[in-house]
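J.: Here's a structure for you.
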Amino acid sequence: MKKVNELKMYSFYVLMAMGVILTGCSEDDEAPEPENEEEVITDVKLIFTNDADAADLVTARAQDPDGVGVQELELLDEITLGIDKSYTLTIEIENNLDSPGEDVAEEIEEEDKEHQFFFSFSADAFTNPAGNGNIDNSSDPMKYNDMDGNGNPLGLSTSWTTGSNNLADGTFTIRLQHQPDVKSATSGASDGDTDFELKFVLNIQ
Amino acid sequence: MGNLSIQTKSKSLRTVVKFIYPISVLLLSVIPLDLQAQMDTIRYTVSGKVLDVETNDPIPYVTVKVKDVDAFSVTGLNGEFVIGGLYNPQNTLIISCFGYSDSTYERHHDHGKRPHIYLKERVLELGEVIIMAGQKKKEGTQSLSQKRLKRKDLASNPTQSLAAALSEVDGINMASAGSNVQIPIIHGLYGNRILILNNGLKHGFQNWGTDHAPEIDISAAHNITVYKGTAGVRFGPEALGGAIVVDPNPLYLNKPFYGTASSGFQTNGNGAFTTIEVGRGYRKWSYFAGGIFTKIGDRYSPDYSLTNSGKEEKAFSGGIRYRHENLGFKAHYSFVDQNLALLRSSIAESGNSLIRAINSDEPIIVRPFSYAINEPNQLMQHQLGKAEINWSYSSDAMLTLHVGLQLNKRQEFDVRRNAEKPIIDLELNTHDFQLEWKHSDWKKLEGIIGFQLFTQNNDNNPGTGTTPFIPNYNTLRYSGFIMESIRKGKHTYEAGLRIDSEYNNVRGRETNQELFTDEYSFNNITSSVGLVREISNNSTFRSNLGTSWRTPNMAELYSFGQHGFKTSFGLLRYYTNAGGELRTDRVIQMDDSNISPEKGYKWINEWTTTKLKSFFTVTGYTQYIENYIFDRPVAVIGTIRGPMPVFIIDQANALLIGADFTWKKNWSDKVNGRLGLSYLWSRNIKKNEPLINQPPLNINYQLTCNLPDIWKIEFSQFKLKPSYTSRQYQAPRTVAPDALIDGSVIVTTQSEIFDFRDPPNGYFLLDIGWAFKAGDFHASIEIKNSLNSRYRDYLNEMRYFADELGRNFLFTINYIFNSKSD
Numbered sequence: 000m001k002k003v004n005e006l007k008m009y010s011f012y013v014l015m016a017m018g019v020i021l022t023g024c025s026e027d028d029e030a031p032e033p034e035n036e037e038e039v040i041t042d043v044k045l046i047f048t049n050d051a052d053a054a055d056l057v058t059a060r061a062q063d064p065d066g067v068g069v070q071e072l073e074l075l076d077e078i079t080l081g082i083d084k085s086y087t088l089t090i091e092i093e094n095n096l097d098s099p100g101e102d103v104a105e106e107i108e109e110e111d112k113e114h115q116f117f118f119s120f121s122a123d124a125f126t127n128p129a130g131n132g133n134i135d136n137s138s139d140p141m142k143y144n145d146m147d148g149n150g151n152p153l154g155l156s157t158s159w160t161t162g163s164n165n166l167a168d169g170t171f172t173i174r175l176q177h178q179p180d181v182k183s184a185t186s187g188a189s190d191g192d193t194d195f196e197l198k199f200v201l202n203i204q
Numbered sequence: 000m001g002n003l004s005i006q007t008k009s010k011s012l013r014t015v016v017k018f019i020y021p022i023s024v025l026l027l028s029v030i031p032l033d034l035q036a037q038m039d040t041i042r043y044t045v046s047g048k049v050l051d052v053e054t055n056d057p058i059p060y061v062t063v064k065v066k067d068v069d070a071f072s073v074t075g076l077n078g079e080f081v082i083g084g085l086y087n088p089q090n091t092l093i094i095s096c097f098g099y100s101d102s103t104y105e106r107h108h109d110h111g112k113r114p115h116i117y118l119k120e121r122v123l124e125l126g127e128v129i130i131m132a133g134q135k136k137k138e139g140t141q142s143l144s145q146k147r148l149k150r151k152d153l154a155s156n157p158t159q160s161l162a163a164a165l166s167e168v169d170g171i172n173m174a175s176a177g178s179n180v181q182i183p184i185i186h187g188l189y190g191n192r193i194l195i196l197n198n199g200l201k202h203g204f205q206n207w208g209t210d211h212a213p214e215i216d217i218s219a220a221h222n223i224t225v226y227k228g229t230a231g232v233r234f235g236p237e238a239l240g241g242a243i244v245v246d247p248n249p250l251y252l253n254k255p256f257y258g259t260a261s262s263g264f265q266t267n268g269n270g271a272f273t274t275i276e277v278g279r280g281y282r283k284w285s286y287f288a289g290g291i292f293t294k295i296g297d298r299y300s301p302d303y304s305l306t307n308s309g310k311e312e313k314a315f316s317g318g319i320r321y322r323h324e325n326l327g328f329k330a331h332y333s334f335v336d337q338n339l340a341l342l343r344s345s346i347a348e349s350g351n352s353l354i355r356a357i358n359s360d361e362p363i364i365v366r367p368f369s370y371a372i373n374e375p376n377q378l379m380q381h382q383l384g385k386a387e388i389n390w391s392y393s394s395d396a397m398l399t400l401h402v403g404l405q406l407n408k409r410q411e412f413d414v415r416r417n418a419e420k421p422i423i424d425l426e427l428n429t430h431d432f433q434l435e436w437k438h439s440d441w442k443k444l445e446g447i448i449g450f451q452l453f454t455q456n457n458d459n460n461p462g463t464g465t466t467p468f469i470p471n472y473n474t475l476r477y478s479g480f481i482m483e484s485i486r487k488g489k490h491t492y493e494a495g496l497r498i499d500s501e502y503n504n505v506r507g508r509e510t511n512q513e514l515f516t517d518e519y520s521f522n523n524i525t526s527s528v529g530l531v532r533e534i535s536n537n538s539t540f541r542s543n544l545g546t547s548w549r550t551p552n553m554a555e556l557y558s559f560g561q562h563g564f565k566t567s568f569g570l571l572r573y574y575t576n577a578g579g580e581l582r583t584d585r586v587i588q589m590d591d592s593n594i595s596p597e598k599g600y601k602w603i604n605e606w607t608t609t610k611l612k613s614f615f616t617v618t619g620y621t622q623y624i625e626n627y628i629f630d631r632p633v634a635v636i637g638t639i640r641g642p643m644p645v646f647i648i649d650q651a652n653a654l655l656i657g658a659d660f661t662w663k664k665n666w667s668d669k670v671n672g673r674l675g676l677s678y679l680w681s682r683n684i685k686k687n688e689p690l691i692n693q694p695p696l697n698i699n700y701q702l703t704c705n706l707p708d709i710w711k712i713e714f715s716q717f718k719l720k721p722s723y724t725s726r727q728y729q730a731p732r733t734v735a736p737d738a739l740i741d742g743s744v745i746v747t748t749q750s751e752i753f754d755f756r757d758p759p760n761g762y763f764l765l766d767i768g769w770a771f772k773a774g775d776f777h778a779s780i781e782i783k784n785s786l787n788s789r790y791r792d793y794l795n796e797m798r799y800f801a802d803e804l805g806r807n808f809l810f811t812i813n814y815i816f817n818s819k820s821d
């Protein structure tokens, strides 16, 4: 009987001790580590560089300063290009929620096989590419300067030639599609998920 | 007080089947097979042996009386009894174990107040008898409507989720995010509104959102009990809709080496599984060990493959038990590892892709069958360790201490840049200490008093490349409860009270990586009263009125941005500024908000009656929930992806009223049928609008037919189950994403909730099954959706993108081995 009582006592003590140890060990007041947020895009800048004169730059910016918060996206500039000029368009994409900011264009370039830029614009605003862009139809003319590893276009660099006609309050839309396992020679602007879509006002004068 | 009864049915074979359960009431009836013409000249004899289920020791001096007949017997020292000269082939035996003499009573002190009877029948010239003991209901829950599923009910498909296994029960449905992530719904409530207890411990997992299911291995469950009323006093917070209690192997003593090995294959998904469980009970100790491995590939609907819907699961569990006189000790360990795929076509993070996915009749990405599990997918590991000490210090009282530890690791992968990094990487530690005192009867009052200490620690692992979706937090909760019941004649009254005090400490990051912290506490008193009335020998009425509560979970408080295809902001992530505009630029402190925990009041009534060969159960309930948390649309905002509808999480009051109806009838000796019907009406009464994702009306009928034996097959049962689920007519209005994106439908903070797609049409399904036994092998063949119906389930999130599974053949074979007993 005494042995049983002892056993009972010891078992309770052991369990109590376990309890204290277990709860003791788990105390921590740490916060999660800060992360390099790679998913969010807050700033996109379109830079049209005149092929004939590197100092002649046209930039247009779009900004959603709080990322996924309720603040609306703002198109800060209009695109105003000159007539009869050839431009190379390059794109800067950043996440500036934290500082320093994160260069998202670099991530896109690293995963070029899963991304493609598509464009649409007022019909015949450019002599090259002609038409209205390849968002509605992926086989419409578009001048891509860069390719991914599979030989499909990417679009971080594209070429544009304006004609001699003026254009006021036209539109220029750029859309980045994320197309993992979906991108192919025939995939288009509605395949995959839209990482960003920006509709700028286009003027040619 | 000490009355026990066992219910029996006869079988056509002569082997004896033994069922061991702790029982409170036993009804024994003997139905011999070979009925002769002149029934009145035949006399029947029933005999048996009464043993203690825990130790297998015989119990002498037990009075066994035949109901309504002047015949009885008392068990001898070997626990055996014989009653002869009975006129009726069907009899009810009432077995009383309490004392007509002091010496008898004293004997029972050693075995506990309720001797658990294990009846072993020796057949004399009659057909044999199956004894199915009615399981004892847990203290404090007798007035709650409840249903128990036993191991054999789950055997035909041990790969299914907990929710799928339970959806057979009326009033229970399943909310899902595809075939692999399924959560149970009790009377319209799910997620944090259902408490899931695994092995006596609240299952400590990331219980938020509609795409997180508990990591529970069904193959290791010996019993699953569903409580359909608020079982909050007994089990704790979050039991607003009810509670699900999963019990493992009970580790019976004095059980010769036994085991079950099963394997199965299913055609839809080319899935296979293997499971094994072995155990042995000695005189003073016992053990069991078991495991399962499951691998299923992409499933298919009648028309196309559901790309990325496979799963892989490994689980292991084991336990030991030791007993020394009136001191018992049990320890359990279980490990579950899951890799669950989510439908590839359900990824839609921008308005464009949501429009395309929802408007498409077929999923937009369909690839040939594969076992590969790619993004989006979930990887979980759940470990549970539990120790229990119980001390029956007197014949009718027991003190129990439970100590539990759980470790839950979860990683979720999404289709994103750098897809090899998880978007969610969490570790959740849960500690549980419970002390329960089942006190001796005091002035006819039976009851239990308990104390609980519960702590949880959630940590985000770094390296996801995305802001943590929910913060790091510590939760500490102290609880105390008391449940008492008293029996007066034909009535049993129950009442209970519980006090919970919960403290939370939160540390998180905003999207600009700034730190935010908070500390808050909630206290609550939960109560319940209930009544059980035995209206007659055939009818029982039970009624329970109870309250329950839950604190908002971390996702409801701190969500910020996209999860799945919805962008929502948690209760503490938005506010309206002086100009009445919605702002999300800072985190609100709990003390500055007017957030309250959800509080539910549920009144559930159940009436069961047996009439001739029919058995009816009618359950009616109504539930009012204060501060009901839900998400509602507030605006369409211009985002960098284009215009997107945005939701906020809000609180309102909800009312739910429903009924379940079950009718079982034995059409003949061999054929029986069961009709089930359940209906729920619900509404957000504060805003006077519907609630979303509520279960629609369901009617099902199961016809079971025992077939004659052929060749080596000793037992054979054919099952037919048609069911109809109607369209949900109470669904919110539909607003197509196109209309939102192009601005033709305006959404403001006053807007009524909406759904992106009409609820699917009603559908009819037919399941067929055949189960049989040959020697030690049990096998079953089941055809689910045998008509290959094309349908979508309103409660499945994937209904926006794809149809449900087409025809599925499931083949299962079990080998059950029991060493020959004494």
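So the sequence lines, in the order shown, correspond to chains U and R.
Residues in the first sequence are numbered from 0 upward in steps of one, following numbering that gives the first Met the number 0.
Residues in the second sequence are numbered from 0 upward in steps of one, following numbering that gives the first Met the number 0.
The C-beta atom is built at its ideal place from N, Cα and C for all residues, glycine as well.
Look at the alpha carbon of A371 (chain R) and the alpha carbon of D52 (chain U), and state the distance between them as a whole number of angstroms.
T.: Taking the straight line joining both Cα atoms gives about 53 Å.
J.: Is there contact between the segment 224-232 of chain R and the segment 768-776 of chain R, where contact requires at least three CB pairs shorter than 8 Å?
T.: no
J.: Exposed or buried, which one is Y299 (chain R) when buried takes at least 16 other CB atoms within 10 Å?
T.: buried
J.: If we count the other Cβ atoms within 10 Å of its Cβ and call it buried at 16 or more, is R732 (chain R) buried or exposed?
T.: exposed
J.: Among all the DSSP beta bridges, which residues are the ones paired with Q405 (chain R)?
T.: R:L383 and R:T429
J.: Threshold first: 4 residues or longer. Then list the alpha helix (DSSP H) segments lying entirely within the segment 230-316 of chain R, N to C.
T.: 231-234
J.: Spatial neighbours of S36 (chain U) within its chain, please: CB distance less than 7 Å, with the 5 preceding and 5 following residues excluded, ordered by chain position.
T.: Here the sequence assigns Glu to residue 36 (chain U), which means Ser is not the residue at that position. Here the set comprises N94, L96, D97 and E101.
J.: With 7 Å as the limit, tell me which residues of the segment 539-571 of chain R have their beta carbon closer than that to any beta carbon of chain U; keep them in chain order.
T.: Cβ contacts with chain U come from F559, G560, Q561 and T566.
J.: What separation, rounded to the nearest whole angstrom, lies between the Cα atoms of E105 (chain R) and Y392 (chain R)?
T.: Note that E105 (chain R) has pLDDT 21, beneath the 50 cutoff, so the model's placement of it is unreliable and no number is given.
J.: Are the C-beta atoms of I319 (chain R) and some chain U residue less than 9 Å apart?
T.: no
J.: Taking only beta-carbon positions, decide if T79 (chain U) is within less than 9 Å of chain R.
T.: no
J.: Note down, one range per segment and in chain order, each beta strand (DSSP E) of at least 3 residues found wholly within the segment 131-173 of chain U.
T.: 156-161
J.: Identify, in the order they occur along the chain, each residue of the same chain with its Cβ nearer than 6 Å to the Cβ of I815 (chain R), setting aside the five sequence neighbours on each side.
T.: T259 and D775
J.: I'd like to know if V586 (chain R) contacts chain U, where contact means its C-beta is closer than 9 Å to some C-beta of that chain.
T.: no
J.: Going straight from the alpha carbon of G403 (chain R) to that of Q451 (chain R), what length do you get?
T.: 11 Å
J.: In chain order, what residues of the same chain lie with their CB nearer than 6 Å to the CB of G148 (chain U), ignoring the 5 residues before and after it?
T.: K112
J.: Listing by chain order, which chain U residues have their CB less than 8 Å from the CB of A773 (chain R)?
T.: What A773 (chain R) touches in chain U: nothing, since even the nearest Cβ is about 46 Å away.
J.: Considering only their Cβ atoms, is the gap separating A220 (chain R) from L153 (chain R) smaller than 9 Å?
T.: Yes. Within cutoff.
J.: Quickly, what does DSSP pair Q377 (chain R) with across the bridge? List them, please.
T.: R:L339 and R:E411
J.: Taking only beta-carbon positions, decide if Q70 (chain U) is within less than 9 Å of chain R.
T.: yes
J.: Would you mind working out which of R:G327, R:A494 and R:Q405 sits nearest T454 (chain R), comparing C-alpha positions?
T.: Among R:G327, R:A494 and R:Q405, the Cα nearest to that of T454 (chain R) belongs to R:Q405.
J.: Starting from E32 (chain U), find everything on chain R with Cβ-Cβ shorter than 7 Å and list it in chain order.
T.: Per Cβ cutoff of 7 Å: P461.
J.: Following the continuous beta strand (DSSP E) through L143 (chain R), name the residue where it begins and the one where it ends.
T.: L143 (chain R) -> no beta strand (DSSP E), and no H or E assigned at all.
J.: Quick one: residues in its chain with C-beta nearer than 6 Å to the C-beta of L496 (chain R), no 5 flanking neighbours on either side, listed in chain order?
T.: I481 and S526
J.: Any beta carbon from chain U within less than 9 Å of P644 (chain R)'s own beta carbon?
T.: no
J.: Residue range of the alpha helix (DSSP H) that N153 (chain R) falls in?
T.: Here residue 153 (chain R) is Leu; the residue named in the question, Asn, does not match the sequence. Per DSSP, L153 (chain R) belongs to the alpha helix (DSSP H) from R150 to L153.
J.: P461 (chain R) and E32 (chain U): beta carbons closer than 9 Å?
T.: yes
J.: Grouping DSSP H, G and I as helix and E and B as strand, with all else coil, what is Y557 (chain R)?
T.: helix
J.: Are the segment 740-750 of chain R and the segment 358-366 of chain R touching, with three or more C-beta to C-beta distances below 8 Å?
T.: no
J.: Relative to the alpha-carbon of V168 (chain R), which residue among R:S144, R:S178, R:V180 and R:T158 has its alpha-carbon at the smallest distance?
T.: R:S144
J.: For the segment 501-512 of chain R, which residues have a beta carbon sitting closer than 9 Å to at least one beta carbon of chain U?
T.: N504, R506, G507, R508, E509, T510, N511 and Q512
J.: For P632 (chain R), report the span of its beta strand (DSSP E) as first-last.
T.: Counting along the chain, the beta strand (DSSP E) containing P632 (chain R) begins and ends at S613 to T638.
J.: Whose C-alpha, out of U:V69, U:V67, U:L80 and U:D27, is nearest the C-alpha of F199 (chain U)?
T.: U:L80
J.: Any idea if I130 (chain R) is buried or exposed, counting beta-carbon neighbours within 10 angstroms, 16 or more meaning buried?
T.: At I130 (chain R) the pLDDT is 45, less than 50, meaning the model places this residue with poor confidence; the figure from the coordinates comes in the next sentence. The residue in question, I130 (chain R), is buried, as its Cβ has 16 or more Cβ neighbours within 10 Å.
J.: Can you confirm whether D109 (chain R), when its beta carbon is compared against all beta carbons of chain U, has any partner nearer than 9 Å?
T.: Below a pLDDT of 50, predicted positions are generally treated as unreliable, and D109 (chain R), at 31, falls in that range; the measurement from the model is reported next regardless. No, because no Cβ of chain U sits closer than 9 Å to the Cβ of D109 (chain R).
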